[in-house]
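Peer 1: Per the working numbering, residue 2 is the first one in the sequence shown, and the count goes up by one each step. Think of the CB as a built atom: it goes at the ideal place given N, C-alpha and C, for glycine as much as any other residue. Note that this is a predicted model, so its numbers are computed, not measured.
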Amino acid sequence: MASPQIPVQALMAASDKYPKPHDISFAYGTAGFRTKQVSLWGDTLESTLFRIGLLATLRSKKLHGQTIGVMITASHNPAIDNGAKLVDPRGEMLDASWEQHATLLANAETTSDLLKALTGLISELKIDLSKPSRVLYGRDTRPSGEPLAKALRAGLEAMGCDAPQDMGIATTPCLHYMVKGSNLKQEAQIKYGAPSELGYVQKLATAFTKLMKGKSPASPLIVDCANGVGAVALTKLAPLISDILPIRFICTNTSDASALNHSCGADYVKTNQKPPPAALDIMEKGQRACSLDGDADRVVYYYLNPEDGKFRLLDGDKIATLAAGFIGDLVKQAGLAETLKIGVVQTAYANGSSTQYLQYNGLPVRCVPTGVKHLHHAAERYNIGVYFEANGHGTVLFSDETIDILNAHEPRSPAQETATQHLLCLIDLINQAVGDAISDFLMVEVILSHKRWGPVEWDQGYEDLPNRLVKVNVADRFAFKTQDAERKLVEPKGLQERVDAIVNKFEKGRSFVRPSGTEDCVRVYAEASTRVGADGESSSPFLIRCESEATS
Ligand code: G16
Numbered sequence: 002m003a004s005p006q007i008p009v010q011a012l013m014a015a016s017d018k019y020p021k022p023h024d025i026s027f028a029y030g031t032a033g034f035r036t037k038q039v040s041l042w043g044d045t046l047e048s049t050l051f052r053i054g055l056l057a058t059l060r061s062k063k064l065h066g067q068t069i070g071v072m073i074t075a076s077h078n079p080a081i082d083n084g085a086k087l088v089d090p091r092g093e094m095l096d097a098s099w100e101q102h103a104t105l106l107a108n109a110e111t112t113s114d115l116l117k118a119l120t121g122l123i124s125e126l127k128i129d130l131s132k133p134s135r136v137l138y139g140r141d142t143r144p145s146g147e148p149l150a151k152a153l154r155a156g157l158e159a160m161g162c163d164a165p166q167d168m169g170i171a172t173t174p175c176l177h178y179m180v181k182g183s184n185l186k187q188e189a190q191i192k193y194g195a196p197s198e199l200g201y202v203q204k205l206a207t208a209f210t211k212l213m214k215g216k217s218p219a220s221p222l223i224v225d226c227a228n229g230v231g232a233v234a235l236t237k238l239a240p241l242i243s244d245i246l247p248i249r250f251i252c253t254n255t256s257d258a259s260a261l262n263h264s265c266g267a268d269y270v271k272t273n274q275k276p277p278p279a280a281l282d283i284m285e286k287g288q289r290a291c292s293l294d295g296d297a298d299r300v301v302y303y304y305l306n307p308e309d310g311k312f313r314l315l316d317g318d319k320i321a322t323l324a325a326g327f328i329g330d331l332v333k334q335a336g337l338a339e340t341l342k343i344g345v346v347q348t349a350y351a352n353g354s355s356t357q358y359l360q361y362n363g364l365p366v367r368c369v370p371t372g373v374k375h376l377h378h379a380a381e382r383y384n385i386g387v388y389f390e391a392n393g394h395g396t397v398l399f400s401d402e403t404i405d406i407l408n409a410h411e412p413r414s415p416a417q418e419t420a421t422q423h424l425l426c427l428i429d430l431i432n433q434a435v436g437d438a439i440s441d442f443l444m445v446e447v448i449l450s451h452k453r454w455g456p457v458e459w460d461q462g463y464e465d466l467p468n469r470l471v472k473v474n475v476a477d478r479f480a481f482k483t484q485d486a487e488r489k490l491v492e493p494k495g496l497q498e499r500v501d502a503i504v505n506k507f508e509k510g511r512s513f514v515r516p517s518g519t520e521d522c523v524r525v526y527a528e529a530s531t532r533v534g535a536d537g538e539s540s541s542p543f544l545i546r547c548e549s550e551a552t553s
């Protein structure tokens with residue numbers, strides 16, 4: 002029997018409805034495609050979404066009908082931006098080797114170019130079109146998500162996707178969770194939880210309740226939902242745990258599109274190093290508050306110092322050290338310290354003090370380039386891999402081998418038994434597919450409660466080096482090329498030497514420049530032992546030089 006062919010006529014007719022804008026070139030970056038839309042209801046990415054529909058179907062066929070995910074979101078970026086990324090069957094980011102295929106399709110100028118590129122891919126990747134295909138897709142609360150989802154659906158239909166499944170409005174981590182769950186065999190799926198939004202909420206609530214058993218209810222936590230989809234998800238979860246964790250929600254306005262991430266959210270807090278105005282209005286000294294981002298995949302904590310009322314940030318680095326310390330102690334208490342090795346993965350943005358603190362505590366630390374995909378893969382190499390970006394993206398991964406070891410472990414004392422059970426419950430609480438703001442803040446709450454710590458005690462582990470992160474607009478961010486996990490610039494030539502010359506003047510000075518993968522800018526990070534050092538030349542003179550290098 003002849004193998005099926007691309008449905009050329011239907012595909013060409015559908016593609017003509019989604020022409021590529023001629024003046025834009027698309028790139029699959031740090032977190033998939035991201036760009037500013039024409040308006041809040043914009044259409045810049047419609048052709049890209051149509052083509053993602055084609056590619057997601059092919060990826061699923063290539064993987065024998067396993068479910069592939071597509072998330073439509075621009076996460077922490079302003080409401081007018083939007084984006085999309087593909088999710089692989091275990092709930093992880095798209096295999097890096099397929100990113101170029103996505104970029105290739107997205108940039109085909111005409112329908113016939115697209116057809117040529119598609120045919121080329123099918124033959125190069127030896128895709129059997131007779132295989133089944135399943136694609137699950139969701140979007141955040143941005144109004145442009147709806148037309149983009151329609152374009153995606155058109156692409157799925159044009160490529161003959163057998164089972165397109167629309168989650169509607171969803172958090173990014175919930176989509177990752179569902180993709181992973183959909184691809185498990187029945188028995189494993191029963192243990193994992195139903196691959197549905199309800200299954201996700203129930204799994205988190207059950208694990209959290211078990212881990213909080215016997216602990217006093219926590220004091221109220223302020224949660225800033227960034228006026229995004231986190232607010233929607235939390236209305237379902239919060240009632241299930243309100244007896245043990247009372248939550249005071251702020252920034253839950255999802256009906257005003259322009260409010261998303263505006264003066265609120267994790268990125269606002271981390272970048273400006275101050276609480277959102279809405280939090281400041283109600284925060285009491287010493288009270289815990291946290292901010293999610295627009296698609297609820299990152300979280301940072303903060304509080305006002307009880308002594309002087311000053312803002313104190315507990316960012317991704319602080320979450321990583323808290324989690325690694327607590328889990329490390331549980332592993333020791335379970336009697337498995339010799340068997341289970343813990344490692345921490347960070348990026349160049351990690352505060353130097355956090356790295357030193359982890360190393361001082363005997364934990365191996367690896368530095369990888371920005372982007373969850375890089376951290377996730379590096380963390381998979383450990384029995385228990387803790388990964389967090391300073392901006393609050395992260396999770397803790399337990400390898401399959403570790404889960405088997407824990408399940409088979411025969412504790413020699415009640416204390417060992419309790420620690421083993423806590424570790425097993427943590428695996429359910431912590432999203433194993435991707436960083437998840439909700440699951441992460443529940444983990445933090447569990448740890449604080451077990452340790453009987455407030456934010457002050459948590460914060461005492463180490464003192465952050467003063468630091469500054471700024472965006473610089475340049476003519477061509479792609480002119481900036483880095484190496485050594487983005488810690489060194491190799492192009493424009495000579496710029497790194499000039500950065501080094503400045504940095505060397507300051508005690509504990511460190512600085513790097515890298516192109517953003519989600520915004521049209523380069524980011525400049527600097528830290529030093531004093532605030533004056535971190536700010537000093539990382540501000541005007543250095544940035545002006547940086548800009549002129551890129552524009553010349
Ligand atoms: C995305 C990525 C993160 C990255 C952030 C900023 O976050 O998932 O890993 O840290 O962008 O990346 P860049 O500096 O390259 O712009 P999100 O929350 O926007 O998905």
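#1: Would the beta-carbon of aspartate 294 be found less than 8 Å away from any heavy atom of the ligand G16?
#2: For chain D, find out if any of its Cβ atoms is closer than 9 Å to the Cβ of aspartate 477; answer yes or no.
#3: Residue range of the beta strand (DSSP E) that arginine 91 falls in?
#4: Is it the case that the region 170-180 contacts the region 218-237, given that we only count it when at least three CB pairs across the two stretches are under 8 Å?
#5: So threonine 236 is in the beta strand (DSSP E); what residue range does that whole segment cover?
#6: Within the region 251-323, note down every full beta strand (DSSP E) run reaching 3 residues or more, in order along the chain.
#7: Please return the same chain residues whose Cβ sits closer than 7 Å to the Cβ of methionine 213, not counting the five positions on each side in sequence.
#8: When burial is assigned at 16 or more other CB atoms within 10 Å of the CB, is proline 144 buried or exposed?
#9: Compare the Cα-Cα distances from threonine 74 to each of Leu199, Thr68 and Lys37 and report the closest residue.
#10: I need the straight-line Cα distance from threonine 403 to glutamate 339, nearest angstrom please.
#11: What number of angstroms, rounded off, separates the C-alpha of leucine 59 from the C-alpha of tryptophan 99?
#12: Considering only C-alpha positions, which residue in the set His77, Gly66 and Gly84 is nearest to serine 48?
#13: Closest to lysine 506 by CA distance: which of Asp536, Arg524, Arg515 and Ala206 is it?
#14: In terms of DSSP beta bridges, what is isoleucine 128 paired with?
#15: Taking the straight line between their C-alpha atoms, what separation do you get for aspartate 318 and phenylalanine 389?
#16: Let me make sure I understand the geometry here. Which of Ser517, Leu305 and Lys204 has the alpha-carbon closest to that of isoleucine 223?
#17: Check whether the Cβ atoms of aspartate 268 and histidine 77 lie closer than 9 Å to each other.
#18: Can you give me the Cβ contacts of proline 174 inside the same chain, cut-off strictly under 6 Å, excluding the 5 residues immediately before and after it?
#19: May I ask you to report which of helix, strand or coil DSSP gives serine 220?
#20: Between the Cα of proline 277 and the Cα atoms of Cys226, Ala150, Lys237 and His377, which residue gives the shortest distance?
#21: Taking the CB atoms as reference points, tell me whether alanine 279 and isoleucine 251 lie closer together than 9 Å.
#22: Closer than 6 Å by C-beta to valine 471: which residues in its own chain qualify, once you throw out the five before and the five after it? Chain order, please.
#23: Taking the C-alpha atoms as reference points, what is the distance between methionine 13 and isoleucine 123?
#24: Between which two residues does the alpha helix (DSSP H) holding isoleucine 245 run?
#25: Helix, strand or coil: how does DSSP classify methionine 72 here?
#26: Please find out if some non-hydrogen atom of the ligand G16 comes closer than 8 Å to the beta-carbon of histidine 65.
#27: On a CA-only basis, which of Thr112, His65 and Pro370 is nearest glutamine 10? Give me that one, please.
#28: Tell me which same chain residues have a C-beta within less than 7 Å of the C-beta of serine 539, skipping the five on either side of it?
#29: Is it right to say isoleucine 320 is buried, meaning 16 or more other beta carbons lie within 10 angstroms of its own, or is it exposed?
#30: Answer with buried or exposed for valine 345, where buried requires no fewer than 16 other C-beta atoms within 10 angstroms of its C-beta.
#31: Short check: CB of leucine 281 to CB of alanine 150, under 9 Å?
#32: Between the C-alpha atoms of glycine 266 and glutamate 411, what's the straight-line distance to the nearest angstrom?
#33: Go ahead and label tyrosine 361 buried or exposed: buried means 16 or more other beta carbons lie within 10 angstroms of its beta carbon, across all protein chains shown.
#34: Please classify arginine 289 as buried or exposed, where buried requires at least 16 other C-beta atoms within 10 Å of its C-beta.
#35: What residue range does the alpha helix (DSSP H) around phenylalanine 389 cover?
#36: Could you check where the alpha helix (DSSP H) with arginine 52 kicks off and where it finishes?
Peer 2: Let me lay it out:
#1: yes
#2: The chain inventory of the structure shown lacks chain D, comprising one protein chain alone.
#3: It is not in any beta strand (DSSP E) - arginine 91 carries neither H nor E in the DSSP assignment.
#4: yes
#5: Element bounds for threonine 236: not the beta strand (DSSP E) but the alpha helix (DSSP H), 230-242.
#6: 290-293, 300-305 and 312-315
#7: Ile245, Val447 and Ser450
#8: buried
#9: Threonine 74 has its Cα closest to that of Lys37, out of Leu199, Thr68 and Lys37.
#10: 12 Å
#11: About 11 Å.
#12: Gly84
#13: Asp536
#14: None; isoleucine 128 has no bridge partner.
#15: 6 Å
#16: That would be Leu305, whose Cα lies nearest to the Cα of isoleucine 223.
#17: The beta carbons of aspartate 268 and histidine 77 sit closer together than 9 Å.
#18: Taken in chain order, the residues that qualify are Asp298, Asn432, Val435 and Asp437.
#19: Under the three-state reduction of DSSP, serine 220 is assigned to coil, being neither helix nor strand.
#20: Cys226
#21: yes
#22: For valine 471, where only same-chain residues beyond five positions count, the Cβ hits under 6 Å are Val525.
#23: 16 Å
#24: Taken as a continuous stretch (DSSP letters only), isoleucine 245 belongs to no alpha helix (DSSP H), as it is neither H nor E.
#25: Here DSSP, grouped into helix, strand and coil, assigns methionine 72 to strand.
#26: False, no ligand heavy atom lies under 8 Å from that Cβ.
#27: Thr112
#28: Only weak support exists for where serine 539 lies, its pLDDT of 45 falling under 50; the value from the coordinates is given anyway. If we look at serine 539 and ignore the five residues flanking it on each side, its Cβ neighbours are Arg469, Ser512, Val525 and Ala527.
#29: buried
#30: buried
#31: The answer is no: Cβ separation not under 9 Å.
#32: 44 Å
#33: exposed
#34: buried
#35: Counted as a single uninterrupted DSSP element, the stretch harbouring phenylalanine 389 is not any alpha helix (DSSP H) but the beta strand (DSSP E) occupying residues 385-389.
#36: Note, arginine 52: alpha helix (DSSP H), 47-63.
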